[in-house]
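To start, the structure itself, in C-alpha coordinates.
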Amino acid sequence: MNYLRSIGIEDLGPYQVHSRREIIMLLQGIRESKQLVRMIFNNGSEAIVTTILEIDGDSDRVYIDCGPERAQNQRIVDSDNVSFDTSLDRIRIVFFTTSLDGCMHDGKPAFYFSLPSSLIRLQRRENYRIRTPRSSVELFLETEEGGKQKFSAYLHDISAGGIGLLDEQMLLDNSFGCLYTNCRITLSDKSVIVADLQVRNSQEISLANGKKVRRIGCQFVQMSNRTMVEVQRYITKIEREQNARTIS
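See below:
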(Lines of atoms letter the chains of each structure in order from A and count residues from 1; the text may use other names and numbers.)
(Lines give C-alpha, C1' and ligand atoms only; values in the text may rest on other atoms or scores of the structure.)
Protein backbone atom coordinates (compact mmCIF):
# COMPACT_ATOMS: atom_id res chain seq x y z
CA MET A 1 0.00 0.00 0.00
CA ASN A 2 1.24 3.49 -0.85
CA TYR A 3 0.66 4.76 2.66
CA LEU A 4 3.23 2.33 4.06
CA ARG A 5 5.94 4.39 2.37
CA SER A 6 5.17 7.39 4.56
CA ILE A 7 5.71 5.41 7.76
CA GLY A 8 9.42 5.34 7.02
CA ILE A 9 10.20 1.82 8.26
CA GLU A 10 11.43 -0.86 5.88
CA ASP A 11 10.71 -3.86 8.13
CA LEU A 12 7.31 -3.55 9.79
CA GLY A 13 7.37 -7.14 11.07
CA PRO A 14 8.30 -6.31 14.68
CA TYR A 15 5.48 -3.75 14.87
CA GLN A 16 2.63 -5.85 13.47
CA VAL A 17 -0.12 -7.24 15.70
CA HIS A 18 -1.93 -10.36 14.44
CA SER A 19 -3.82 -11.50 17.55
CA ARG A 20 -7.56 -10.99 17.00
CA ARG A 21 -8.11 -10.43 20.71
CA GLU A 22 -5.37 -7.80 20.91
CA ILE A 23 -6.61 -6.04 17.76
CA ILE A 24 -10.11 -5.76 19.24
CA MET A 25 -8.69 -4.48 22.54
CA LEU A 26 -6.64 -1.81 20.79
CA LEU A 27 -9.56 -0.65 18.64
CA GLN A 28 -11.85 -0.60 21.69
CA GLY A 29 -9.27 1.50 23.50
CA ILE A 30 -9.19 3.97 20.61
CA ARG A 31 -13.00 4.17 20.64
CA GLU A 32 -13.33 4.52 24.42
CA SER A 33 -10.67 7.22 24.62
CA LYS A 34 -12.43 9.05 21.75
CA GLN A 35 -9.23 9.32 19.74
CA LEU A 36 -9.51 11.01 16.38
CA VAL A 37 -8.59 8.76 13.45
CA ARG A 38 -7.18 10.04 10.17
CA MET A 39 -8.69 8.07 7.28
CA ILE A 40 -6.59 8.21 4.09
CA PHE A 41 -8.11 7.20 0.74
CA ASN A 42 -8.12 7.84 -3.02
CA ASN A 43 -4.56 6.50 -3.43
CA GLY A 44 -3.37 8.57 -0.47
CA SER A 45 -4.40 11.91 -2.00
CA GLU A 46 -7.28 12.64 0.38
CA ALA A 47 -7.98 12.26 4.08
CA ILE A 48 -10.67 13.06 6.60
CA VAL A 49 -10.79 12.91 10.36
CA THR A 50 -13.20 10.34 11.77
CA THR A 51 -13.93 8.33 14.94
CA ILE A 52 -14.58 4.68 15.69
CA LEU A 53 -18.25 4.16 16.59
CA GLU A 54 -18.34 0.46 17.42
CA ILE A 55 -16.37 -2.77 17.23
CA ASP A 56 -18.74 -5.72 16.81
CA GLY A 57 -16.85 -8.83 17.83
CA ASP A 58 -19.71 -11.13 16.81
CA SER A 59 -19.79 -10.00 13.19
CA ASP A 60 -16.12 -8.94 13.09
CA ARG A 61 -17.11 -5.49 11.87
CA VAL A 62 -15.74 -2.05 12.68
CA TYR A 63 -18.09 0.93 12.38
CA ILE A 64 -16.74 4.45 11.85
CA ASP A 65 -18.21 7.88 11.25
CA CYS A 66 -18.46 9.07 7.64
CA GLY A 67 -17.56 12.45 6.15
CA PRO A 68 -19.82 15.47 5.60
CA GLU A 69 -19.81 15.27 1.78
CA ARG A 70 -21.69 12.62 -0.19
CA ALA A 71 -19.31 12.69 -3.18
CA GLN A 72 -16.30 12.32 -0.91
CA ASN A 73 -17.92 9.44 0.94
CA GLN A 74 -18.48 7.70 -2.39
CA ARG A 75 -14.79 8.10 -3.24
CA ILE A 76 -13.98 6.44 0.07
CA VAL A 77 -16.24 3.48 -0.74
CA ASP A 78 -14.73 3.24 -4.24
CA SER A 79 -11.13 3.21 -2.94
CA ASP A 80 -9.23 -0.06 -3.26
CA ASN A 81 -7.27 0.67 -0.09
CA VAL A 82 -8.20 2.82 2.89
CA SER A 83 -5.65 3.54 5.62
CA PHE A 84 -6.29 4.60 9.21
CA ASP A 85 -3.77 6.46 11.35
CA THR A 86 -4.29 7.28 15.03
CA SER A 87 -2.65 6.89 18.44
CA LEU A 88 -3.37 5.25 21.78
CA ASP A 89 -1.42 5.94 24.96
CA ARG A 90 1.17 7.84 22.91
CA ILE A 91 1.68 4.88 20.59
CA ARG A 92 0.94 5.29 16.89
CA ILE A 93 -1.59 2.81 15.51
CA VAL A 94 -2.00 2.20 11.76
CA PHE A 95 -4.39 -0.23 10.06
CA PHE A 96 -5.93 -0.79 6.63
CA THR A 97 -8.91 -2.16 4.78
CA THR A 98 -9.43 -3.07 1.13
CA SER A 99 -13.22 -2.98 1.30
CA LEU A 100 -15.43 -0.42 3.03
CA ASP A 101 -19.19 0.09 2.71
CA GLY A 102 -21.79 2.62 3.78
CA CYS A 103 -24.45 1.83 6.36
CA MET A 104 -26.66 3.35 9.05
CA HIS A 105 -25.46 3.29 12.66
CA ASP A 106 -27.79 4.49 15.42
CA GLY A 107 -29.86 6.20 12.76
CA LYS A 108 -26.96 8.10 11.19
CA PRO A 109 -24.87 7.46 8.04
CA ALA A 110 -21.63 5.60 8.74
CA PHE A 111 -19.10 3.19 7.26
CA TYR A 112 -18.23 -0.35 8.22
CA PHE A 113 -15.43 -2.72 7.28
CA SER A 114 -14.17 -6.12 8.36
CA LEU A 115 -12.00 -6.36 11.45
CA PRO A 116 -8.38 -6.00 10.27
CA SER A 117 -6.38 -9.21 10.25
CA SER A 118 -3.40 -7.19 11.50
CA LEU A 119 -2.44 -3.68 12.50
CA ILE A 120 0.77 -1.77 13.06
CA ARG A 121 1.67 -0.55 16.54
CA LEU A 122 4.64 1.82 16.35
CA GLN A 123 6.22 2.23 19.73
CA ARG A 124 9.37 3.90 18.48
CA ARG A 125 9.67 7.36 19.97
CA GLU A 126 10.53 9.03 16.66
CA ASN A 127 7.21 7.91 15.17
CA TYR A 128 5.04 9.46 17.88
CA ARG A 129 3.57 12.72 16.63
CA ILE A 130 2.22 15.26 19.07
CA ARG A 131 -0.26 17.96 18.14
CA THR A 132 1.12 21.45 18.62
CA PRO A 133 -0.37 24.89 19.11
CA ARG A 134 -0.72 26.73 15.81
CA SER A 135 2.49 28.52 14.82
CA SER A 136 4.11 29.67 11.58
CA VAL A 137 6.61 27.89 9.35
CA GLU A 138 8.60 29.61 6.59
CA LEU A 139 9.81 27.32 3.81
CA PHE A 140 12.29 28.00 1.05
CA LEU A 141 12.43 26.14 -2.26
CA GLU A 142 15.43 26.54 -4.54
CA THR A 143 14.48 27.66 -8.06
CA GLU A 144 16.05 26.67 -11.37
CA GLU A 145 17.59 30.14 -11.59
CA GLY A 146 19.52 29.54 -8.36
CA GLY A 147 17.29 31.72 -6.21
CA LYS A 148 14.88 30.80 -3.46
CA GLN A 149 11.10 30.99 -3.36
CA LYS A 150 9.47 31.59 0.01
CA PHE A 151 6.30 29.87 1.22
CA SER A 152 4.33 30.01 4.46
CA ALA A 153 2.43 27.28 6.30
CA TYR A 154 1.34 26.39 9.82
CA LEU A 155 2.76 23.80 12.20
CA HIS A 156 0.23 21.04 12.91
CA ASP A 157 2.23 18.33 14.69
CA ILE A 158 5.81 17.41 15.46
CA SER A 159 7.89 14.32 16.24
CA ALA A 160 11.57 13.63 16.68
CA GLY A 161 11.67 12.71 13.00
CA GLY A 162 9.74 15.53 11.36
CA ILE A 163 6.71 17.80 11.32
CA GLY A 164 3.23 17.99 9.86
CA LEU A 165 2.31 21.20 8.05
CA LEU A 166 -1.07 22.69 7.24
CA ASP A 167 -1.05 24.31 3.82
CA GLU A 168 -4.30 26.25 3.84
CA GLN A 169 -3.68 27.93 0.48
CA MET A 170 -2.44 24.69 -1.14
CA LEU A 171 0.49 26.48 -2.74
CA LEU A 172 3.34 24.24 -1.54
CA ASP A 173 4.93 21.66 -3.80
CA ASN A 174 3.75 18.49 -2.06
CA SER A 175 5.43 15.97 -4.36
CA PHE A 176 7.21 13.10 -2.62
CA GLY A 177 10.87 13.91 -1.98
CA CYS A 178 10.57 17.67 -2.55
CA LEU A 179 13.27 19.38 -0.44
CA TYR A 180 12.80 22.69 1.36
CA THR A 181 16.02 24.15 2.77
CA ASN A 182 16.74 26.36 5.79
CA CYS A 183 13.12 26.39 6.88
CA ARG A 184 12.26 28.52 9.93
CA ILE A 185 9.90 26.74 12.31
CA THR A 186 8.55 29.11 14.96
CA LEU A 187 7.39 27.11 17.98
CA SER A 188 4.63 28.18 20.36
CA ASP A 189 7.21 29.19 22.99
CA LYS A 190 8.62 31.67 20.42
CA SER A 191 11.84 29.69 19.91
CA VAL A 192 12.89 29.09 16.30
CA ILE A 193 14.22 25.89 14.75
CA VAL A 194 16.01 26.02 11.40
CA ALA A 195 16.00 22.75 9.44
CA ASP A 196 15.81 21.22 5.98
CA LEU A 197 12.48 19.48 5.33
CA GLN A 198 11.72 16.75 2.80
CA VAL A 199 8.14 15.93 1.82
CA ARG A 200 7.16 12.34 2.67
CA ASN A 201 3.37 12.38 2.33
CA SER A 202 0.45 14.68 1.65
CA GLN A 203 -3.29 14.42 2.19
CA GLU A 204 -6.23 16.73 1.67
CA ILE A 205 -8.18 17.03 4.92
CA SER A 206 -11.76 18.17 5.40
CA LEU A 207 -12.19 20.02 8.67
CA ALA A 208 -15.35 19.87 10.78
CA ASN A 209 -16.57 23.12 9.21
CA GLY A 210 -16.20 21.65 5.72
CA LYS A 211 -13.08 23.66 4.84
CA LYS A 212 -10.44 21.73 2.91
CA VAL A 213 -6.76 22.09 3.74
CA ARG A 214 -3.67 20.06 2.89
CA ARG A 215 -1.57 18.35 5.53
CA ILE A 216 2.00 17.74 4.38
CA GLY A 217 4.21 15.37 6.35
CA CYS A 218 7.88 16.36 6.23
CA GLN A 219 11.00 14.61 7.47
CA PHE A 220 13.93 16.42 9.06
CA VAL A 221 17.02 16.09 6.84
CA GLN A 222 20.58 16.05 8.25
CA MET A 223 19.54 17.89 11.39
CA SER A 224 22.26 18.79 13.88
CA ASN A 225 22.39 17.14 17.30
CA ARG A 226 21.76 20.50 18.92
CA THR A 227 18.57 21.01 16.92
CA MET A 228 17.43 17.46 17.72
CA VAL A 229 17.79 18.25 21.41
CA GLU A 230 15.74 21.43 20.95
CA VAL A 231 12.99 19.48 19.18
CA GLN A 232 12.88 16.80 21.87
CA ARG A 233 12.84 19.44 24.60
CA TYR A 234 9.89 21.13 22.94
CA ILE A 235 7.99 17.83 22.56
CA THR A 236 8.50 17.10 26.26
CA LYS A 237 7.28 20.60 27.15
CA ILE A 238 4.09 20.22 25.08
CA GLU A 239 3.45 16.76 26.56
CA ARG A 240 3.70 18.13 30.10
CA GLU A 241 1.33 20.97 29.29
CA GLN A 242 -1.20 18.60 27.76
CA ASN A 243 -0.94 16.18 30.67
CA ALA A 244 -1.44 19.03 33.15
CA ARG A 245 -4.63 20.09 31.37
CA THR A 246 -5.88 16.49 31.39
CA ILE A 247 -5.26 16.12 35.13
CA SER A 248 -6.90 19.44 35.96
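Number 143 in the working numbering belongs to position 99 of the sequence shown; there are no gaps in the numbering. Built from N, CA and C at the ideal position, the CB exists for glycine as well.
**Request:** Return yes when the Cβ of R165 is within less than 9 Å of the Cβ of Q60, no when it is not.
**Result:** yes
**Request:** Would you tell me roughly how many angstroms separate the C-alpha atoms of S63 and G190, rounded to the nearest one?
**Result:** 54 Å
**Residues of its chain near R105, where Cβ-Cβ distance is below 6 Å and the 5 sequence neighbours each way are ignored** = Y156
**Asked** From P153 to G88, what distance separates their C-alpha atoms?
**Response** 23 Å
**Request:** Determine the direct distance from the alpha carbon of R178 to that of T230, and round the result to whole angstroms.
**Result:** 10 Å
**Request:** For T225, name the three-state secondary structure that DSSP assigns.
**Result:** strand
**Asked** For the beta strand (DSSP E) that N245 lies in, which residues bound it at each end?
**Response** 236-250
**Item:** Nearest-angstrom Cβ-Cβ length linking D211 and V257, presumed shorter than 8 Å
**Value:** 7 Å
**Request:** Counting only the same chain and skipping the five closest in sequence on each side, list residues whose C-beta sits under 6 Å from that of C222.
**Result:** V243
**Message:** On a Cα-Cα basis, can you pick out the residue from A204, R65, N269, F195 that is closest to L216?
**Reply:** F195
**Request:** Please name the residue, chosen from Y224, F220, I202, that lies closest to K192 on a Cα-to-Cα basis.
**Result:** Y224
**Prompt:** How would you label F85, buried or exposed, when you count the other beta carbons within 10 angstroms and need 16 or more for buried?
**Reply:** buried
**Item:** Contacting residues, own chain, Cβ-Cβ under 8 Å from C110 (five flanking each side not counted)
**Value:** T94, N117, I120, G146, P153, A154, F155
**Request:** Kindly give me the distance between the Cβ atoms of I137 and I74, rounded to whole angstroms, as I take these residues to be in contact under 8 Å.
**Result:** 7 Å
**Nearest-angstrom Cα separation, counted from Y278 out to N269** = 14 Å
**Asked** Thinking just about the alpha-carbon of each residue, which of P58, E274, L251 is nearest to the one in M83?
**Response** L251
**Residue closest to R259, alpha-carbon to alpha-carbon, out of E188, E90, V81, F140** = E90
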